[in-house]
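Last residue of the sequence shown: number 426 in our numbering, and the count goes up by one each step with no gaps.
For each residue, glycine too, the CB sits at the ideal point set by N, CA and C.
Just so it is clear, the structure is predicted and the values come from calculations on it, not from any experiment.
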Amino acid sequence: MNRRHFLKAAAMTTAAAGLLKSGASLAHAAASGIDAASIRNYKADMPYRRMGKTGVQVSALGFGMLRLPLLADGRTVDERQTIGMLRYGIDNGINYVDTAYVYLGGQSEPTVGKALANGYRDKVYLATKLPLRLIKDEADIDRFFDASRHRLQTDVIDFYLLHHVTAKTWNQSVLPFKIMEKVERLKQDGKIRFIGFSFHDNLALFKHVLGAYPDWDFCQLMENYLDTEYEAGFLGMKYAYERGLAVNCMEPLKAGLLVRPPREVQSIFDAAPVKRTPVEWAFDYLWNMPEPGVVISGMSNVEQVKENLEYARRSSVGMLDWNDRVVIGQAAKRYREYEGVTACTGCNNCAPCPKGVAIGSLIGQMWFIYKVTGDKAAAQGYYNNVPTPRGVNADVCDGCGECLPKCPHHVDIPDLLRQMRAELKA
Ligand code: SF4
Ligand code: SF4
């Protein structure tokens, strides 16, 4: 057999194997009562969850496109790596991709657009977000929407969110610029399939926003086992679910801070009857409940994608028993006992600081780790050896307050930086 014949034979074998596999998948789905043909990118080993009244079935794990790998300069998205890991996730059953106009200074959407070329777009539900904070007049809405579609190389956005609903953005953008009317029109024109919002304020406002527009299809909330009473929290998730909305869960690992627990928390996990990694405990807390639709995780390398896919494949509603839930409750209680832990998730929405302070790294990572481990030497080492690729330490902060309105979690950044400087400056 010459090389050409060999390649042709190999291709036919692969295609036949693919057909057999997809036939087996469909048979498996039919036996399980799942309408696989209605699910984008169906894979037999991936559990799917219903997105409320939309009726759409999404993979248990969604791909968040905020925490992407960066090049050595610490600022530029590593496109090659990002495209590889997103496609790996899709090839293995992920069918929900979540980005935003503002993510990574505008780099996320174009990178997603490139990754979804060559047929990948049709395998996923694509979500992006309207940047409420940047809207200055009504014309901006169409402008941002069309820019997102252009960057994402798509005509239709499956899930379109108002990004970062708070009392301020609701009263200063959504209402005066008649944003709901405009996105409703985009939906009627077939350019948006479902309308939702991401939320960063209290439960009372969350209920008000739900009541103000009865046609929301979905919402996106910060949900993890530590933040059950933070923002809309656990009660907000139930409230939306009971009204038929799909509830997307973001920050399941609290920006990665639940990945490496301090010794006292780890010892609770070690003593559990069923062994799980800290990441697995955090995901399973959400997947166990009926309310979450897709659980969105921002993954930064292919190892994280592989690990999270494994956990997603094992997931189901009701997967945790009484003992498991006690373990999670004990871990959450222990975390809350550390003094000085803030609500910062390290999201970097406050960037850029005009003075170049690496706010997210300092508060979201270093300060949290310092407060739960008490390791002052390590914290001082980190603090005094910034600059990191994300910026410099808090010594140059002049308290201008420019960062304050950009923080979805209402962290008093200048005050915390002052405290940090006093405690850690060499
Ligand atoms: S208050 Fe400090 S950290 Fe915030 S923007 Fe001003 S200089 Fe930067
Ligand atoms: S201070 Fe606020 S905006 Fe900045 S990284 Fe933390 S949570 Fe995000």
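Would you say residue i and residue j are within 9 Å of each other, going by their C-beta atoms?
{"i": "residue 66", "j": "residue 108", "result": "yes"}
{"i": "residue 221", "j": "residue 232", "result": "yes"}
{"i": "residue 52", "j": "residue 269", "result": "no"}
{"i": "residue 149", "j": "residue 141", "result": "no"}
{"i": "residue 127", "j": "residue 98", "result": "yes"}
{"i": "residue 253", "j": "residue 288", "result": "no"}
{"i": "residue 194", "j": "residue 327", "result": "no"}
{"i": "residue 404", "j": "residue 414", "result": "yes"}
{"i": "residue 165", "j": "residue 186", "result": "no"}
{"i": "residue 49", "j": "residue 273", "result": "no"}
{"i": "residue 351", "j": "residue 391", "result": "yes"}
{"i": "residue 144", "j": "residue 130", "result": "yes"}
{"i": "residue 438", "j": "residue 417", "result": "Because the chain in this structure spans residues 1 to 426, residue 438 falls outside the shown range and cannot be described."}
{"i": "residue 177", "j": "residue 137", "result": "yes"}
{"i": "residue 347", "j": "residue 409", "result": "yes"}
{"i": "residue 349", "j": "residue 102", "result": "yes"}
{"i": "residue 152", "j": "residue 104", "result": "no"}
{"i": "residue 225", "j": "residue 60", "result": "no"}
{"i": "residue 384", "j": "residue 362", "result": "no"}
{"i": "residue 167", "j": "residue 201", "result": "yes"}
{"i": "residue 309", "j": "residue 89", "result": "yes"}
{"i": "residue 381", "j": "residue 255", "result": "no"}
Please determine, among the options, the residue with the shortest C-alpha to C-alpha distance to residue i.
{"i": "residue 46", "options": "94, 293, 190 and 356", "result": "94"}
{"i": "residue 83", "options": "202, 111 and 64", "result": "111"}
{"i": "residue 306", "options": "85, 59, 38 and 73", "result": "85"}
{"i": "residue 196", "options": "49, 163, 224 and 377", "result": "163"}
{"i": "residue 249", "options": "198, 119, 43 and 418", "result": "198"}
{"i": "residue 257", "options": "145, 342 and 234", "result": "342"}
{"i": "residue 212", "options": "180, 279, 155 and 239", "result": "180"}
{"i": "residue 43", "options": "100, 312 and 417", "result": "312"}
{"i": "residue 298", "options": "316, 267, 287 and 345", "result": "345"}
{"i": "residue 407", "options": "359, 420 and 379", "result": "359"}
{"i": "residue 114", "options": "102, 145, 81 and 137", "result": "81"}
{"i": "residue 336", "options": "366, 301, 362 and 373", "result": "373"}
{"i": "residue 265", "options": "308, 309 and 334", "result": "334"}
{"i": "residue 290", "options": "330, 239 and 147", "result": "239"}
{"i": "residue 261", "options": "417, 247 and 278", "result": "278"}
{"i": "residue 215", "options": "243, 136, 340 and 235", "result": "243"}
{"i": "residue 228", "options": "286, 143 and 174", "result": "286"}
{"i": "residue 58", "options": "38, 153, 370 and 386", "result": "38"}
{"i": "residue 64", "options": "251, 71 and 176", "result": "251"}
{"i": "residue 304", "options": "36, 62, 159 and 402", "result": "62"}
{"i": "residue 295", "options": "302, 315, 182 and 276", "result": "315"}
{"i": "residue 271", "options": "330, 241 and 302", "result": "330"}
{"i": "residue 40", "options": "357, 245 and 124", "result": "124"}
{"i": "residue 207", "options": "241, 77 and 393", "result": "241"}
{"i": "residue 370", "options": "120, 420, 426 and 323", "result": "420"}
{"i": "residue 190", "options": "154, 223, 202 and 171", "result": "154"}
{"i": "residue 325", "options": "300, 283 and 378", "result": "283"}
{"i": "residue 353", "options": "339, 367 and 395", "result": "395"}
{"i": "residue 117", "options": "376, 139 and 87", "result": "87"}
{"i": "residue 443", "options": "106, 263 and 182", "result": "Because the chain here runs from 1 to 426, residue 443 falls outside it and cannot be looked at."}
{"i": "residue 302", "options": "78, 171, 366 and 357", "result": "78"}
{"i": "residue 246", "options": "276, 159 and 172", "result": "159"}
If you measure from the CB of residue i, is any heavy atom of ligand 1 nearer than 8 Å?
{"i": "residue 396", "result": "yes"}
{"i": "residue 417", "result": "yes"}
{"i": "residue 399", "result": "yes"}
{"i": "residue 355", "result": "yes"}
ask   = Fully enclosed by the segment 212-290, which alpha helix (DSSP H) runs are 4 residues long or longer?
value = 233-242, 263-270 and 278-287
ask   = Along the chain, which unbroken stretches of the alpha helix (DSSP H) at least 4 residues long are found entirely within the segment 96-181?
value = 108-115 and 139-152
key: Check your reading: residues with Cβ closer than 7 Å to ligand 2 heavy atoms   = 343, 344, 345, 346, 347, 348, 349, 350, 359, 360, 363, 364, 403, 406, 407, 408, 409, 411 and 413
key: Contained alpha helix (DSSP H) runs [length at least 4] in the segment 338-392, N- to C-terminal order   = 368-373 and 376-384
Length-filtered (4 minimum) alpha helix (DSSP H) runs lying within the segment 48-101 = 79-91
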